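Report on the following structure.
Protein chains: 4
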Amino acid sequence: MVSSPLSTVSSLASDARAWLDKMWSGIADRGEAYAAVPAASIPAPERARQLAQALLSERGEASGAAVARELHDTLCELSPEDRIGFLVFLAESFAPDPQVLRAAAEAYLVEPTPARAAALCQAAEAPRQELLRRMNMAPGSTHALILLREELLAHADAHPVLKLLDADFHHLLASWFNRGFLELRRIDWQTPAAVLEKLIAYEAVHEIQGWEDLRRRLAPDRRCFAFFHPALPGEPLIFVEVALTHGLASAVQPLLALDRSDSHEARRRRAGTADTATFYSISNCQEGLRGISFGNFLIKQVVEELKAELPALTRFATLSPIPGFRRWLDRYLAGPDGAEALSPGETEVLAAETGLPEDSNPAELIAKAIAGEGWRDGTRSAALNGPLLRLCALYLTQPTRLGARMDPVARFHLGNGARLERLNPLANTSARGMRESYGLMVNYLYDRDTIEANHEAFVRSGRIIRSAEVEALLSSPPKP
Amino acid sequence: MVSSPLSTVSSLASDARAWLDKMWSGIADRGEAYAAVPAASIPAPERARQLAQALLSERGEASGAAVARELHDTLCELSPEDRIGFLVFLAESFAPDPQVLRAAAEAYLVEPTPARAAALCQAAEAPRQELLRRMNMAPGSTHALILLREELLAHADAHPVLKLLDADFHHLLASWFNRGFLELRRIDWQTPAAVLEKLIAYEAVHEIQGWEDLRRRLAPDRRCFAFFHPALPGEPLIFVEVALTHGLASAVQPLLALDRSDSHEARRRRAGTADTATFYSISNCQEGLRGISFGNFLIKQVVEELKAELPALTRFATLSPIPGFRRWLDRYLAGPDGAEALSPGETEVLAAETGLPEDSNPAELIAKAIAGEGWRDGTRSAALNGPLLRLCALYLTQPTRLGARMDPVARFHLGNGARLERLNPLANTSARGMRESYGLMVNYLYDRDTIEANHEAFVRSGRIIRSAEVEALLSSPPKP
Amino acid sequence: MVSSPLSTVSSLASDARAWLDKMWSGIADRGEAYAAVPAASIPAPERARQLAQALLSERGEASGAAVARELHDTLCELSPEDRIGFLVFLAESFAPDPQVLRAAAEAYLVEPTPARAAALCQAAEAPRQELLRRMNMAPGSTHALILLREELLAHADAHPVLKLLDADFHHLLASWFNRGFLELRRIDWQTPAAVLEKLIAYEAVHEIQGWEDLRRRLAPDRRCFAFFHPALPGEPLIFVEVALTHGLASAVQPLLALDRSDSHEARRRRAGTADTATFYSISNCQEGLRGISFGNFLIKQVVEELKAELPALTRFATLSPIPGFRRWLDRYLAGPDGAEALSPGETEVLAAETGLPEDSNPAELIAKAIAGEGWRDGTRSAALNGPLLRLCALYLTQPTRLGARMDPVARFHLGNGARLERLNPLANTSARGMRESYGLMVNYLYDRDTIEANHEAFVRSGRIIRSAEVEALLSSPPKP
Amino acid sequence: MVSSPLSTVSSLASDARAWLDKMWSGIADRGEAYAAVPAASIPAPERARQLAQALLSERGEASGAAVARELHDTLCELSPEDRIGFLVFLAESFAPDPQVLRAAAEAYLVEPTPARAAALCQAAEAPRQELLRRMNMAPGSTHALILLREELLAHADAHPVLKLLDADFHHLLASWFNRGFLELRRIDWQTPAAVLEKLIAYEAVHEIQGWEDLRRRLAPDRRCFAFFHPALPGEPLIFVEVALTHGLASAVQPLLALDRSDSHEARRRRAGTADTATFYSISNCQEGLRGISFGNFLIKQVVEELKAELPALTRFATLSPIPGFRRWLDRYLAGPDGAEALSPGETEVLAAETGLPEDSNPAELIAKAIAGEGWRDGTRSAALNGPLLRLCALYLTQPTRLGARMDPVARFHLGNGARLERLNPLANTSARGMRESYGLMVNYLYDRDTIEANHEAFVRSGRIIRSAEVEALLSSPPKP
């Protein structure tokens with residue numbers, strides 16, 4: 024094999040890959056793959072438990088990587104139920120030694136010195152954690168552990184004891200997937216197909232329809248970046264899709280459209296002169312890393328990358344969904360303030376448009392006005408936009424009440440220090456977009472100079488920083 | 024810039040490198056580098072403390088990587104004393120909250136459930152650890168943290184509170200430098216000079232005399248492997264040097280000799296037919312990773328690599344120093360058993376050779392017989408070898424007593440599951456070799472089939488597995 | 024940007040890529056791309072001619088790369104007709120100097136020394152060649168020249184003078200694409216999408232239906248290799264698709280089928296135990312390299328690669344189309360030997376099957392027996408196979424006559440030293456396969472030990488080496 | 024082994040490397056290496072000739088790469104004399120077919136059409152060229168051919184027929200090492216040692232004293248670039264060393280000095296603000312590529328690279344030796360103009376300084392004034408600089424006469440379009456510098472805007488473009 028001057032020695036990475044493949048296929052075709060593997064004399068579930076114990080024993084010290092590997096192999100052989108059984112076994116059998124812990128707790132209470140606090144901490148750490156660390160010694164096992172946690176999360180409700188084990192998983196993975204270990208990589212048409220197909224699989228915001236669609240999202244007037252971890256070389260952890268635009272993008276369908284009349288070269292030229300980078304999709308890829316946040320880091324690093332590559336860019340903003348808007352709106356309109364949500368004039372127009380009586384419930388008026396394709400119509404659309412924008416501004420900025428939690432996407436970006444910049448009507452007219460937010464989308468602006476202050480204001484006092492345009496929406500009365 | 028299809032995006036790694044360079048130079052030329060940096064209004068030591076606090080606050084959440092970077096930059100500016108002061112500050116100021124911890128301890132004692140144990144563990148973890156994790160968010164900071172711990176270790180005796188902080192460092196680094204994250208790479212003449220010069224600097228067993236000497240150690244009948252961590256791409260963590268030999272190597276000087284008459288091609292042919300891989304040097308490179316063991320993994324993985332590359336190899340063994348032998352021997356000969364250590368016949372020969380009276384102290388007889396170059400002489404050498412080998416076998420296999428600890432190299436290899444295979448006289452005739460062990464060296468054999476059993480026997484019952492040859496040395500009486 | 028230790032400096036390769044992209048897009052969207060380029064004061068066709076002259080002048084010496092680049096840029100701006108006009112201009116304007124050549128020819132005839140032969144050679148080389156060499160100095164220009172030749176070849180019939188220029192192109196490209204400069208690379212799912220989509224575009228034998236089909240052809244029981252040239256890093260020159268099979272593959276549809284029930288892991292296991300590598304498709308990618316043969320080298324190198332990777336492989340053979348068989352068969356059956364081509368027994372069965380009279384023309388009998396789906400039927404199929412295999416063996420082994428040329432695929436593989444191994448009925452039942460060869464395919468066997476002798480026998484005496492099985496077909500009389 | 028997504032398949036590149044090593048070692052230790060190779064039944068010289076013939080025959084077509092490899096292996100076994108014998112055999116035995124050539128020449132003379140010119144060209148090309156092309160088919164053989172040409176060049180005088188073969192070599196290599204195929208790479212401390220040691224070996228202008236010296240030349244305020252060819256991945260073809268300076272460097276010793284007090288970081292800062300890139304050394308590495316010019320391309324591309332990396336750079340100039348100055352000066356002073364070369368005032372001072380009579384020969388006066396260390400002295404140095412600079416300006420700008428050829432370094436840079444910028448006294452005070460040019464060095468300025476015009480003026484009319492400063496030297500009379 025050809026190797027670069029400082030090439031990693033073979034077995035490490037290629038084993039890792041082979042093993043992961045096996046792991047995958049193990050999960051994928053459990054039905055048939057293991058008939059071919061001769062059953063060992065000890066049943067697999069028992070073997071797994073023995074191997075876990077061996078891994079924490081002297082044998083684990085002498086040849087931990089080998090035992091870890093054997094354990095992972097055995098776990099692949101288990102049925103999903105048995106694998107959950109194994110996780111429950113881990114959670115229950117590798118708890119801290121109660122006598123040692125009790126003694127350490129008592130000693131601390133008697134004399135609460137820093138040294139005794141440290142000793143107490145050590146006594147309180149469950150051996151589960153060390154076991155998970157040792158399970159990580161085999162090549163490819165970081166990914167295996169992530170997949171294992173994914174299964175755990177799916178069953179944690181049914182087995183509360185798993186929550187303890189999950190805390191260990193989370194603690195370890197948060198440490199291992201520390202920002203300092205992540206690699207940002209650009210994804211483009213030069214990226215291996217094996218990585219690209221994962222983008223198709225993982226895109227969670229605006230589904231990728233296939234390779235043609237993907238190709239458009241990687242065209243010269245687009246950018247895509249992902250974080251990777253060295254231990255999972257072919258697995259994106261999170262990725263973001265960016266459109267290079269002139270002005271802030273106000274709708275997502277034009278960004279996704281496949282306009283074949285538009286040449287590669289024209290796109291490249293446009294990218295060079297674009298003044299805005301619109302982040303229109305950000306997707307996590309690893310369910311097994313749930314609760315470990317990468318998005319904030321990703322957006323900020325991508326902003327730096329783009330600035331360095333394309334000096335003409337002066338604005339960095341998202342085009343984001345508002346997944347909770349419609350649900351909130353329905354409650355809001357049904358509530359005490361609902362009656363005043365529309366002005367008489369708006370009510371009149373919508374009633375005329377929909378054929379409903381003017382004293383109809385505003386929620387009903389809006390819903391009917393939007394139903395079918397009618398909302399695309401100029402008059403009706405115009406009559407709807409005013410109230411919808413106003414109400415949506417209210418939704419995104421009001422103190423959370425009505426039992427509702429803050430819009431999760433808003434919380435994420437505002438928590439990152441972004442500013443609520445602009446609301447866009449008819450911005451996502453897909454079925455999902457209409458269903459979730461009557462087609463509205465929002466731009467959050469990332470401005471390096473104000474990020475820290477915005478974040479602090481948001482975290483400390485819940486203040487939501489917004490543009491003058493949004494402010495105006497909030498203070499403007501319904502049209503008469 | 025040219026980038027491979029899946030190239031890591033720029034700023035990450037190149038920043039890391041630039042930053043490390045700066046860090047290094049910061050440490051190297053404190054005298055001048057910081058005159059150029061305009062003093063900020065806040066003195067650097069105070070600034071560092073403020074940044075540490077900010078890193079754990081909301082600001083750290085919004086822009087942790089930037090704050091971490093600023094903190095590392097500031098630490099570079101500090102004088103060594105101030106940096107130690109900063110570490111003491113960390114150790115003292117970021118302890119667990121005593122009230123929370125007390126409450127958690129009491130709660131556990133009242134009802135020692137797994138959930139309360141977990142809560143206790145969380146309460147007992149010092150915020151220092153989270154702070155160190157956040158300090159790792161800046162590019163290049165993993166290395167900076169390792170260098171920081173190196174300084175800490177050098178001053179831990181003077182500041183006992185640093186031992187607590189060191190425990191946090193150790194805990195984190197052991198997790199981050201988990202076997203699963205290490206990359207084995209072969210080092211050869213295709214390796215960048217920047218890495219090679221580190222080998223010259225770090226070789227701890229048989230000093231590398233310069234580039235010519237290094238080149239010989241990387242010739243086609245040699246192998247060199249190192250572990251690397253993805254976050255320190257140009258920094259070997261540990262490396263091992265291997266000679267491919269016909270039969271077990273019995274002396275180190277021939278392995279190191281620069282025989283220019285020996286062609287590259289001849290060496291390659293010899294490598295292809297060699298039956299033994301002799302591991303003649305293994306060196307740790309990062310003092311800041313002290314206590315995190317890589318050697319066992321390294322040797323075992325290298326054995327696998329070599330087997331795959333060179334199927335003719337059937338034996339994998341070290342040629343190791345015995346650093347504690349002479350010190351032990353002097354004590355032993357001065358002790359109660361010393362009188363019987365030499366047989367009358369041996370005493371007679373050595374007395375004749377050295378001109379000392381026959382009733383001289385055996386230690387004196389041996390020391391004088393070896394002094395100068397006399398030991399190279401056939402007769403004298405023959406008379407010395409018998410007793411030395413016998414006594415050395417005793418040293419390496421006896422239960423530790425005389426207040427002496429076990430030979431550290433022996434403990435390492437036996438602990439890994441290796442077998443004590445053969446003792447070699449006149450094996451390291453350098454000044455150091457003569458001083459430490461009267462020139463003796465030892466081969467430890469790594470045999471995959473017995474490693475686990477050997478390790479268990481050693482760890483559980485202190486049994487030292489040895490070859491028949493060593494066994495014979497132990498049971499053979501002194502020559503009459 | 025991250026760069027590997029010995030990374031190529033930026034502008035070279037990335038410019039090349041950018042430039043090629045521009046070239047491509049220039050070709051693709053001539054309609055719009057060049058409206059944007061302000062017309063220089065000199066019309067592009069004239070500018071191109073001036074630049075060509077400058078390139079051979081002193082200016083070319085001082086800054087050849089820049090002039091070459093400008094020339095290529097200008098060529099992109101030309102309309103296809105003008106570009107042909109430019110090629111005609113090259114062919115006509117850069118001929119050898121007639122006076123110098125005449126003098127050299129006369130000098131040689133007077134005294135035919137080696138030195139004068141060399142001088143004559145120099146005088147006879149058209150400056151066109153040097154011009155093409157200089158056009159290659161700009162980054163990315165090798166590909167541009169290949170695309171230019173592609174256009175030339177498409178118009179050579181209309182402009183006979185272009186044949187001279189083509190000879191220069193061919194001479195240069197044959198030298199530049201010398202075997203020693205080619206790189207064999209494995210193509211798999213880790214390959215960049217930008218390369219993979221070229222496979223979809225270029226596959227010439229069994230069309231690739233899209234990404235799913237491609238993925239199946241790159242599955243673990245398949246191999247795909249391509250030759251690349253360093254100056255065209257993302258452009259395969261030729262590629263071959265290989266199936267790893269147990270026994271010689273006898274039909275192509277099973278190889279191409281998308282069997283989703285078959286797991287990745289099962290395929291990997293099968294690959295590891297396969298005894299035969301079946302080369303089922305080989306496609307050239309660059310029309311502009313027509314006449315420069317890579318297939319022979321590719322097959323032989325891939326055999327070596329596969330042997331090294333998969334030691335269980337003992338047989339390397341193609342599953343090849345017989346594109347000329349049916350055309351030949353129709354002529355043959357219409358000719359003097361046609362009457363005896365089928366035995367009376369065979370005629371009887373086919374007549375019964377088809378409802379045609381027994382004295383029908385054999386060609387008609389066969390064609391009708393095959394028409395529709397009837398040939399899949401057991402009886403009819405059995406009755407057809409005998410005659411078809413016999414006649415096909417005749418076709419592939421007879422001295423070429425009837426004005427027909429040898430089957431081109433046969434000529435290629437036999438010329439490479441392969442052996443005619445086995446004929447397979449119902450082997451390619453696609454419309455094309457039935458149309459070209461009544462569904463028959465052939466295996467050519469590449470056996471390293473006999474390749475040279477086979478090749479010599481074929482080239483020197485036209486002898487076609489064949490297996491005993493094929494020999495038997497030839498000598499067996501039609502079934503009574 | 025780990026391979027990048029598009030990794031070149033193994034055997035190609037690693038074989039190439041192994042083979043080259045063998046080739047090298049074959050050349051290096053002929054004395055012993057080949058005793059080990061059992062003599063084949065045919066003596067090697069005869070075997071080589073047979074293989075060359077086979078390579079052009081059918082066997083070469085079937086398995087050219089294998090035959091080529093065998094031929095190269097056999098050539099390694101030959102003694103140097105036998106290898107020259109083989110080259111003579113090539114030159115003599117593979118000449119064009121005289122009958123075919125005669126016929127083609129006659130046909131052309133009868134009717135000098137372009138087609139017949141092309142046919143004549145083909146007939147005149149010696150089969151040697153095709154043979155060399157086929158010898159290139161084996162991996163690693165491009166380098167082998169270059170080494171072969173190196174041997175050829177060393178013996179061409181003794182065997183005039185080799186000049187014909189050399190013309191074929193030159194023709195092929197010039198085509199293969201076309202600018203479009205070269206890769207510019209930066210060389211720094213991250214470069215593999217195997218490449219760096221070649222820099223030490225090949226540096227031809229200012230010898231590199233070892234690894235420490237090399238390290239200084241690769242420090243952050245230096246740049247080094249080389250051209251590589253894809254077929255010789257570890258072999259630089261030519262490299263240039265650049266110092267980043269403030270102002271035009273006027274002496275080379277300060278550039279080469281090892282100033283350890285100067286930190287890495289200080290050097291990096293200086294590099295970032297430097298306004299001038301001084302090219303102080305440029306060395307060809309492959310004697311076997313003699314006559315194929317890379318320097319012009321290299322300098323110009325490096326200028327582009329540096330501009331892109333360091334925007335503060337505004338001036339690109341060499342600091343070059345003047346190897347022919349002293350030899351010319353001695354002749355000049357001995358000639359008719361010599362008497363007036365020094366003004367009476369200058370003569371007086373030098374006579375006083377040296378103790379020679381005032382009517383001494385000016386050459387003698389200058390030589391004695393410089394002898395020993397006296398020239399470093401202020402007064403003497405001042406008295407010398409005037410005449411030396413004036414005379415050197417004359418040397419570098421005068422039409423060539425006195426039988427002397429133009430200074431080769433001047434011819435190179437002026438031919439590239441550079442401007443004669445400044446003469447520097449005491450610029451290279453090494454023994455060689457004093458011996459060749461009395462310590463003078465010269466800056467040639469590369470200014471992109473004037474390069475083409477300068478080149479044309481130089482090539483067409485021999486005009487040497489110079490700065491006003493040099494012009495002033497030329498027109499200023501000797502000091503009274």
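These protein sequence lines are chains A, B, C and D, in that order. Per our numbering, the first sequence runs over residues 24 to 503. Per our numbering, the second sequence runs over residues 24 to 503. Per our numbering, the third sequence runs over residues 24 to 503. Per our numbering, the fourth sequence runs over residues 24 to 503. By construction, the Cβ of each residue, glycine as well, lies at the ideal position given by its N, Cα and C atoms. Computed from a predicted structure; not experimentally measured.
Limits of the beta strand (DSSP E) - the one that residue i falls within
i      : result
S460/B : Where S460/B is concerned, there is no enclosing beta strand (DSSP E), although the alpha helix (DSSP H) it sits in stretches over A454 to S460.
N477/C : Segment I474 to S484 is the alpha helix (DSSP H) holding N477/C; no beta strand (DSSP E) there.
Distance between residue j and residue i (C-alpha atoms, nearest Å)
i      : j      : result
F204/D : G257/C : 15 Å
T377/A : N447/A : 23 Å
F112/D : H194/D : 19 Å
W42/B  : T268/D : Because W42/B sits at a pLDDT of 38, beneath the cut-off of 50, its placement in the model cannot be relied upon, and the point is left open.
L222/A : G270/B : 54 Å
R238/C : L185/A : 39 Å
A77/C  : F348/D : 35 Å
L219/A : Q276/A : 22 Å
L110/B : F317/A : 29 Å
Chain C contact for residue i (CB, 9 Å cutoff)
i      : result
P253/D : yes
E492/D : no
Beta-bridge pairing of residue i - partner residues as DSSP gives them
i      : result
C247/C : E264/C
N159/B : N159/B pairs with nothing; no bridge assigned.
C-beta neighbour in chain A for residue i, strict 9 Å
i      : result
Q232/C : no
For residue i, the first and last residue of its enclosing alpha helix (DSSP H)
i      : result
E115/B : P103 to S116
What runs of the alpha helix (DSSP H), each 4 residues or longer, lie entirely inside the region 359-393 of chain D?
367-377 and 385-393
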